[in-house]
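Peer 1:
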């Protein structure tokens, strides 16, 4: 079945530095899945950060960007300059149209140091 | 914004105990989901439903039952809790396919 891989369990970045969180996916079904980044702040539920449903396109939100690369089967999350308030757990996910079921990576905990 | 409320937020039970986790969404969404999240794993789908009285089996259903009593309410039942079910549980809802999925804040369940 479909799956998502995030290789970094934890990432620490200094404030104002750039960030990249890696995400690759494996889609065994026909067609291209929808791709998402969710974020979970301490004590909160997951929130949608951005999504891209068309291969080759880029999504952006709150200074974060991710490009749907179907050749590399990747959807890496990037930000040019992080802030302390970005400290959270970030999840890459994919879905098919069936019932909006999401398949998640294992999450990357981002800590931004002042 | 859609609201998904889970209760309780924290629960401790003994092995073999009976536990019910509750979830209510207030936007009349059609789809509701239960996920569990464990260290080193992403959220994994336990059960889901596309309407009152409907239940679909997810990827990790063993040891869990679920019931969708109304459009708003979706319950997860652990009838013989085991330590392997110690986890963080998330409920979620969405209106239909290709719409945003909204998550509750999670229920941390510990089985001792």
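Protein chains in written order, with the numbering used here: chain A, 1 to 114; chain B, 115 to 226. Each residue gets a CB set at the ideal place from its N, CA and C atoms; glycine is no exception. Bear in mind the structure is a predicted one, so any value in this text is a computation, not a measurement.
Does DSSP classify residue 57 of chain A as helix, strand or coil?
Peer 2: Here the question's residue 57 of chain A lines up with position 57 in the first chain. Residue 57 of chain A falls in the coil class under three-state DSSP.
Peer 1: Residue 106 of chain A touches chain B at which residues, Cβ-Cβ below 7 Å?
Peer 2: The residue given as residue 106 of chain A occupies position 106 in the first chain. Correct list: 154, 155, 156.
Peer 1: Spell out whether any CB of chain A is found under 8 Å from the CB atom of residue 198 of chain B.
Peer 2: Residue numbering aside, residue 198 of chain B sits at position 84 when the second chain is read from its first letter. So, not an interface residue.
Peer 1: In chain order, which continuous runs of the beta strand (DSSP E) of length 3 or greater are located wholly inside the region 9-47 of chain A?
Peer 2: 10-14, 19-21, 24-26, 34-40
Peer 1: Got a sec? Which residues, its chain only, sit under 8 Å from residue 217 of chain B by beta carbon, not counting five neighbours each side?
Peer 2: Within the second chain, numbered from 1, the residue matching residue 217 of chain B stands at position 103. Taken in chain order, the residues that qualify are 118, 204, 205, 206.
Peer 1: Going by C-alpha distance, which of B:158, B:139, B:195, B:169 is nearest residue 120 of chain B?
Peer 2: The sequence position of residue 120 of chain B within the second chain is 6, counting from 1. Checking every option, the nearest Cα to that of residue 120 of chain B belongs to B:139.
Peer 1: Using DSSP with H/G/I as helix, E/B as strand and the rest coil, what is residue 113 of chain A?
Peer 2: Walking along the first chain from the start, residue 113 of chain A turns up at place 113. In the structure shown, residue 113 of chain A sits in a strand (DSSP, three-state: E or B).
Peer 1: Verify whether the separation of the beta carbon atoms of residue 156 of chain B and residue 105 of chain A is less than 8 Å.
Peer 2: Counting from 1 along the second chain, the entry for residue 156 of chain B is found at position 42. Counting from 1 along the first chain, the entry for residue 105 of chain A is found at position 105. Going by beta carbons, residue 156 of chain B and residue 105 of chain A fall inside the 8 Å limit.
Peer 1: With a threshold of 7 Å (Cβ to nearest heavy atom), would residue 16 of chain A be considered close to the ligand NAD?
Peer 2: Of ligands this structure carries none, so the ligand NAD is not represented either.
Peer 1: Does DSSP put residue 99 of chain A in a helix, a strand or coil?
Peer 2: Taking the first chain and counting its residues from 1, the one referred to as residue 99 of chain A is at position 99. Of the three classes helix, strand and coil, the one that applies to residue 99 of chain A here is helix, per DSSP.
Peer 1: If you measure from the beta carbon of residue 204 of chain B to each beta carbon in chain A, is any gap under 8 Å?
Peer 2: As a position in the second chain, residue 204 of chain B is number 90, starting the count at 1. Yes, residue 204 of chain B lies at the interface with chain A (some Cβ there is under 8 Å from its Cβ).
Peer 1: Roughly how many angstroms separate the alpha carbons of residue 37 of chain A and residue 7 of chain A, rounded to a whole number?
Peer 2: Looking up residue 37 of chain A in the first chain gives position 37. Looking up residue 7 of chain A in the first chain gives position 7. Approximately 15 Å between the Cα atoms of the pair.
Peer 1: I need the DSSP call for residue 209 of chain B, collapsed to helix, strand or coil.
Peer 2: Start at 1 with the first residue of the second chain, and residue 209 of chain B comes out as number 95. Of the three classes helix, strand and coil, the one that applies to residue 209 of chain B here is coil, per DSSP.
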